[in-house]
Structures are given as C-alpha cells and as structure tokens.
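**Student:**
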Amino acid sequence: MCIFCKNKREIIIIVVLLLFTSCENDIKEVRTLTADNKLPEMRAIDITIFRSDSAKLYFQLSAKEMIEYSNDKDPYVLFPKGFYAKHFEDFPKPESSIRAKWAKYFVNEKLWWAKNNIIAENSKGEKLFAEELFWDQEKKIIYSDKYVKIQTLDEIIFGEGFESNQDISNYKIKKVKGTVYLDDK
C-alpha cells in the first residue's frame, strides 16, 4: 500500500493551507488592475448635438455613434463611424460643413482629428477633400499635412498640406501639385 494513499487527507489539507497562505494581494495593485479609466463614460447611438449662444444656434453635429472617455487624464470623444457637422453664422444657412468617416475630439485641447473621406464645404460652395484634417477650435483654424483637393466653381486644386480659417473661406495649400481649370461649356 502506498504512503500517499494512507495520508491522502492530510496531504490535501496541507496543500490547501499552503495555497491560502501564499496568496496575498496588494490593494493598490488590485485597484490598478481593476481601474475602469479606460472604459467609456458614455456611449450614444444616432445622435444630434446642437450648440447655441444666447438662443442663437452656431453648431450642429450628427453621428451614428459617439463614445466619450472622460475618466482619462486626457479626456476625448470618439466618433468611430464618422460625423457630419455644420457651423452657422446665420441660421439656417450653414457657413461651413464637414463630413468624415472617423473622428476624435480632444476635450482639453479643443482639437478635432478627422480622417477617412473628409469633405468640407464653405458657404460659396467650394469643397475640400482630404484624408486627414485637424480643427483647432481655440485658434479657429483647420489644417492638414496630407494630400488635399479643393474644388471651386471654376477650378480644382491638388496639393499637399493645407491651412484655413474654420469656415474655409480663406485657405492656403502649402505645396500645390496641380490645377485643373473647369470649362463652363
């Protein structure tokens, strides 16, 4: 007969006691591992946000999905399925509009980062096409270092790098790559 078979009960008790006494968790380590600061604070589907000042509408944003991460030290709002925004001076005619397939808004910096099939349009009907764009709300400028295309009523300008005021009425392409003049005929 084997020794382990006779003392089976005692061996099991000793193993269990060793397991319980060897396990110790530091409370700070547990809190760090279980912290939910990377989880979203809010998630909204099919939303429209209106911003106004003195009952005057100046901004409207629509999105399929909005995810807010406000627990982070650098809070941000994510628009993983894109957004469409309009900026107004005189409602209901928008001064400018922008559409993108993906965007991230950095709350503390008041900075938008948009990418993928961006189309922005000003009140004159001029359109900006880009793959990446930044909108600094503090400085009231829109800019990009990537490929851009601007379509006006009489020309299409291709280039690399772009800077504009936020209503896209005064813009500059940093490196113009080409211009196509449109014919009225």
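The sequence shown begins at 5 in the working numbering and counts up by one. No residue lacks a Cβ here, since even glycine has one placed at the ideal position from N, Cα and C.
So, Y185 versus F166, is the Cβ gap smaller than 9 Å?
**Tutor:** Here residue 185 corresponds to residue number 181 of the sequence shown, with the count starting at 1. Here residue 166 corresponds to residue number 162 of the sequence shown, with the count starting at 1. Not closer than 9 Å, so no.
**Student:** Please name the residue in H91, E45, K68 and K150 whose C-alpha comes closest to that of A134.
**Tutor:** Here residue 134 is taken as the residue at index 130 of the sequence shown, counted from 1. Of the listed residues, the one whose Cα sits closest to A134 is K150.
**Student:** If you run the structure through DSSP and keep just helix, strand and coil, what is V111?
**Tutor:** By one-based count along the sequence shown, residue 111 stands at place 107. Note: V111 maps to coil in three-state DSSP.
**Student:** With burial defined as no fewer than 16 other Cβ atoms inside 10 Å of the residue's Cβ, what is the status of L43: buried or exposed?
**Tutor:** Walking along the sequence shown from the start, residue 43 turns up at place 39. Looking at its Cβ environment, which holds fewer than 16 other Cβ atoms inside 10 Å, L43 is exposed.
**Student:** Considering G182, what are the terminal residues of the beta strand (DSSP E) in which it resides?
**Tutor:** As a first step, residue 182 must be located in the sequence shown, where it is residue number 178. Looking at the DSSP string, the run of the beta strand (DSSP E) that includes G182 is Y175 to Y185.
**Student:** Assign A59 to buried or exposed, taking buried as 16 or more other Cβ atoms, counted over all protein chains shown, within 10 Å of its Cβ.
**Tutor:** Against the sequence shown, residue 59 aligns to sequence position 55. Answer is exposed; the Cβ neighbour count stays below 16.
**Student:** For the putative contact between F110 and Y73, defined by C-beta atoms under 8 Å, what is the C-beta separation to the nearest angstrom?
**Tutor:** As a working mapping, residue 110 is identified with position 106 in the sequence shown. As a working mapping, residue 73 is identified with position 69 in the sequence shown. Not a contact, Cβ separation roughly 10 Å.
**Student:** Give the C-beta separation of F87 and A67 to the nearest angstrom, bearing in mind that I take them to be a contact with Cβ-Cβ under 8 Å.
**Tutor:** As a position in the sequence shown, residue 87 is number 83, starting the count at 1. As a position in the sequence shown, residue 67 is number 63, starting the count at 1. About 4 Å; that satisfies the 8 Å criterion.
**Student:** Taking the continuous beta strand (DSSP E) assigned at I161, which residues delimit it?
**Tutor:** Here residue 161 refers to the residue found at position 157 when the sequence shown is read from its first residue. Run containing I161: E159 to N169, per the beta strand (DSSP E) assignment.
**Student:** Can you tell me whether K119 is helix, strand or coil according to DSSP?
**Tutor:** Within the sequence shown, the letter at position 115 stands for residue 119. Three-state result, K119: strand.
**Student:** Nearest to D187 by CA position, among I160, E164 and N11, is which residue?
**Tutor:** Working through the sequence shown from its first residue, we reach residue 187 at position 183. Comparing Cα-Cα distances from D187 to each of I160, E164 and N11, the minimum goes to I160.
**Student:** Could you tell me which residues DSSP puts in a beta bridge with E69?
**Tutor:** Locating residue 69 in the sequence shown gives position 65, where the first residue counts as 1. DSSP, once it has assigned bridges, lists I49 as partnering E69.
**Student:** Skipping 5 residues on each side, what residues in its chain have a beta carbon closer than 6 Å to that of G163?
**Tutor:** Within the sequence shown, the letter at position 159 stands for residue 163. Excluding residues within five positions, the ones whose Cβ falls inside 6 Å are V152, I177, K179, V180 and K181.
**Student:** CA-CA distance, N75 and M46?
**Tutor:** Counted from its first residue, the sequence shown places residue 75 at position 71. Counted from its first residue, the sequence shown places residue 46 at position 42. Distance between the alpha carbons of N75 and M46 is about 10 Å.
**Student:** With respect to the beta strand (DSSP E) encompassing A59, which residues constitute its N-terminal and C-terminal limits?
**Tutor:** Taking the sequence shown and counting its residues from 1, one reaches residue 59 at position 55. Run containing A59: none; DSSP gives neither H nor E here.
**Student:** With respect to the beta strand (DSSP E) encompassing L82, which residues constitute its N-terminal and C-terminal limits?
**Tutor:** On the sequence shown, residue 82 is found 78 positions in, with the first residue counted as 1. Counting along the chain, the beta strand (DSSP E) containing L82 begins and ends at Y80 to F83.
**Student:** Spatial neighbours of R103 within its chain, please: CB distance less than 6 Å, with the 5 preceding and 5 following residues excluded, ordered by chain position.
**Tutor:** As a working mapping, residue 103 is identified with position 99 in the sequence shown. Cβ neighbours of R103 beyond the five flanking positions: Y88 and I123.
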